[in-house]
Amino acid sequence: MRYFYIFFLTILSISLVTGCQNTKEKQLSSVVNSDEKWWKEAIVYQIYPRSFKDSDGDGIGDLKGIISKLDYLQSLSITAVWINPFYSSPNDDNGYDISDYRAIMKEYGSMEDFDTLLKGLHDRKIKLVMDLVVNHSSDEHEWFKQSRSSRTNKYRNYYHWWDAERGKPNYRYSLFDVNHDAWKYDSLTNSYYLHYFSRKQPDLNWENPTLRKEVYDIMKFWADKGIDGFRLDAFGFAAKDTSFPVFPKGYEKNFMAYYSMVPAIHDYLKEMNKEVFNKYNVMSVAEGAGNSFEDAHNLVDESRNELNMAYAFEGVDIAKAEGYSIPHFKKVFSKWDSAFNNKGWISIFLANHDQARMVSRFGNDSEANRDLSAKMLNTFILSMRGTPYLYNGDELAMTNAGFSKITDYRDMATLNEYQNQLNKKGNIPAFLKRLQFECRDNGRTPFQWDNSVNAGFSTGAPWIQVNKNYTSINVADQEKDANSVLNYVKKMIQIRKSNQVLVYGKYNLIDKDNPTVYAYTREWKGKKMLVLLNFSNQTSKVNTGLNLAKAKPLIQNYPNLYGETLQPYEAVIYQIL
Ligand code: NOJ
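For the sequence shown, the numbering used here gives the first residue as 99, with consecutive numbering after it.
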């Protein structure tokens with residue numbers, strides 16, 4: 099049986115990233131993928147605001163908290179941050195249910211705090227990418243309150259309603275609902291409304307041009323404030339066949355083909371591009387990369403004027419509790435690289451707020467191997483072609499919390515699925531075990547600043563427990579330790595920033611069938627880099643076909659190098675001279 103989470107993560111493997119060009123960029127009209135753009139050279143750091151830093155002791159991270167850590171962000175030398183939603187929200191889904199798109203969530207602070215944050219970032223030459231959640235709103239948004247009040251209300255068509263006298267609408271799957279039923283009956287107007295996510299996240303009706311204009315106006319509001327980009331949440335679902343036909347038997351096996359990428363999405367994106375992206379100096383990233391290479395190209399091909407960058411989930415979905423195949427991992431990342439060899443652009447990431455921790459899933463979080471494998475994984479992210487996304491805490495090798503009780507979890511989707519498992523008498527111990535590895539709350543525990551109470555995150559009781567290992571994994575200790583993961587990541591960021599070959603260079607997989615080592619070269623304008631990554635806990639041999647005696651190591655996670663023999667989780671980048 100496939101658990102909800104695997105399903106959910108697979109679905110989320112369909113992300114996109116978009117953006118607009120600045121004036122300088124607009125002058126570059128060629129579509130060769132080595133065209134230089136700020137968003138290709140960006141190193142994006144993702145901040146989960148609820149868990150980053152709390153300034154007022156309520157146990158919830160906030161904007162003032164982020165402001166107090168701007169110097170930390172600067173010390174990383176990242177060039178952009180993507181902050182998860184901080185708009186007004188009743189927090190059914192931690193901000194992904196927005197009740198006012200032009201206001202700041204009260205737990206997070208005020209608009210003044212936002213302005214200070216944006217200025218503080220810009221003063222440090224860090225760009226801000228905001229999350230735009232417009233496949234759905236909160237059911238507490240004024241639009242929805244109006245919409246549900248009567249069938250003739252002018253906001254009625256902002257959402258998808260089905261009058262009950264037409265009979266029950268054809269089944270649609272909800273990712274977050276307890277019963278996975280996406281239609282919720284509302285007696286007030288004797289109708290059903292659609293929600294692909296939770297009941298408190300009704301889907302917006304993108305067929306309605308008035309709704310679309312409202313969204314563009316919201317985007318302009320933020321763009322006028324000077325933000326630098328948008329990440330479009332779950333946008334692959336926005337276009338729908340609103341006749342809601344019966345899906346053929348067995349459609350579940352190809353869920354996304356039925357639920358996402360309805361062709362009208364391209365019209366909406368082109369319109370959004372014309373109305374917003376093209377008018378402002380902003381980058382845009384949508385969650386997903388479509389259902390095929392063709393989709394991905396159509397979304398990010400510059401000549402089509404839709405989005406800038408794909409955010410494909412296939413790679414991040416590879417890790418399973420039972421382990422994963424390294425050759426498969428190599429194949430997937432090589433495949434996606436080839437997809438954008440000539441046109442388009444991709445994001446490179448191994449974690450985000452919807453995943454458990456990177457080192458626990460893709461590396462090895464044992465005491466002996468945690469730092470080594472975290473350094474190795476960060477080397478991977480920062481040496482591939484594509485824009486790297488680092489998820490907050492992965493620069494420290496923060497690990498899964500591994501909660502054992504359902505009461506430790508906070509994620510609504512997890513709690514609803516737990517209830518669903520109870521309802522259908524599922525295997526609860528197996529479900530809980532699975533959560534320990536894959537629940538997204540693992541990646542949402544408070545950021546570990548130091549070894550003081552609550553890891554220096556908050557003086558109050560945190561909204562979700564701090565990982566017990568904060569006394570040994572935290573910023574304060576790692577800043578002092580020259581050999582720490584943090585200092586390694588900082589060095590790796592500098593290497594990427596000072597070697598454009600790592601941004602634009604052609605990627606070439608070598609020793610392709612090697613079962614444990616991921617090896618590749620990057621080449622650009624006469625410069626060549628060799629990246630060797632041992633993804634296993636075994637000493638491994640690699641066959642590079644290159645003379646390493648003549649190569650210059652730029653970064654390594656072991657003190658000594660033994661050429662083509664790599665130690666467990668070894669990472670090294672050579673410049674080939
Ligand atoms: C994708 C977001 O990344 C996730 O956190 C959220 O729960 C869903 N979209 C619904 O907005």
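Cβ atoms here follow ideal geometry from the backbone N, Cα and C, with glycine treated the same way.
- Annotation for Phe345: no alpha helix (DSSP H) segment contains it, and DSSP assigns it neither H nor E.
- Look at Leu215 here: in three-state DSSP terms it is helix.
- Under the 8 Å Cβ criterion, the stretch 206 to 214 does not count as touching the stretch 228 to 247, having fewer than three qualifying pairs.
- In the structure shown, Glu621 falls within a strand segment according to DSSP collapsed to helix, strand and coil.
- Counted as a single uninterrupted DSSP element, the stretch harbouring Asn606 is not any alpha helix (DSSP H) but the beta strand (DSSP E) occupying residues 604 to 608.
- Within the stretch 502 to 575, there are no complete beta strand (DSSP E) runs of at least 3 residues.
- The closest CA to that of Phe391, considering only Val383, Val430, Ala419, is found on Val430.
- Leaving aside the five residues that flank Val179 on each side, the residues in its chain whose CB is nearer than 8 Å to its CB run, in chain order, Val142, Tyr143, Gln144, Ile145, Leu171, Leu219, Ile224, Lys225, Leu226, Val227.
- At least one heavy atom of the ligand NOJ is found less than 8 Å from the C-beta of Gln299.
- Counting along the chain, the unbroken beta strand (DSSP E) around Asp284 starts and ends at 281 to 284.
- Counting the other Cβ atoms within 10 Å of the Cβ of Arg148 gives 16 or more, which makes it buried.
- Taking a 10 Å sphere around the C-beta of Leu520, we find fewer than 16 other C-beta atoms and assign the residue as exposed.
- Looking at the backbone, the Cα of Gly541 and that of Val564 are separated by about 11 Å.
- Within the stretch 429 to 459, the complete alpha helix (DSSP H) segments at least 4 residues long are 456 to 459, listed from N- to C-terminus.
- By the Cβ test, the stretch 278 to 293 is in contact with the stretch 257 to 270, since at least three Cβ pairs between them sit closer than 8 Å.
- Assignment of Tyr290 by DSSP, reduced to helix, strand and coil, places it in the strand class.
- The Cβ atoms of Glu493 and Lys589 do not sit closer than 9 Å to each other.
- Here DSSP, grouped into helix, strand and coil, assigns Ala201 to strand.
- Below 8 Å, too few C-beta pairs join the stretch 563 to 580 and the stretch 511 to 518 to call them touching: fewer than three.
- Restricting attention to Asp191, Leu475, Arg402, Lys428, the CA atom closest to the CA of Val670 is found in Leu475.
- For Thr477, there is no enclosing beta strand (DSSP E); the residue is found in the alpha helix (DSSP H) stretching over 468 to 481.
- In this chain, Asp229 is not harboured by any alpha helix (DSSP H); it is covered by the beta strand (DSSP E) spanning 225 to 230.
- Ranked by Cα distance from Val360, the options Asn379, Val344, Ala499, Asp393 are led by Asp393.
- Going by beta carbons, Met381 and Gly327 fall inside the 9 Å limit.
- A distance of 9 Å or more separates the beta carbons of Ser197 and Pro300.
- Its chain contains Tyr356 as the residues whose beta carbon lies nearer than 7 Å to that of Phe345, once the 5 sequence neighbours on both sides are disregarded; these appear in chain order.
- Non-local beta-carbon contacts of Gly484 in its own chain, meaning distances under 7 Å to residues more than five positions away in sequence, involve Trp443, Ile444, Ser445, Ile446 in chain order.
- Here the alpha carbons of Asn439 and Phe460 stand approximately 26 Å from one another.
- In the DSSP assignment, the residues bridged to Leu664 are Ser638.
- Using a C-beta cut-off of 8 Å, the stretch 557 to 577 makes no contact with the stretch 521 to 538, since fewer than three inter-stretch Cβ pairs fall below that distance.
- The C-alpha of Asn251 is placed about 45 Å away from the C-alpha of Pro486.
- In the DSSP assignment, Lys650 is bridged to Gln673.
- Comparing alpha carbon positions, the residue from Arg270, Asp195, Asp169, Thr340 closest to Asp221 is Asp169.
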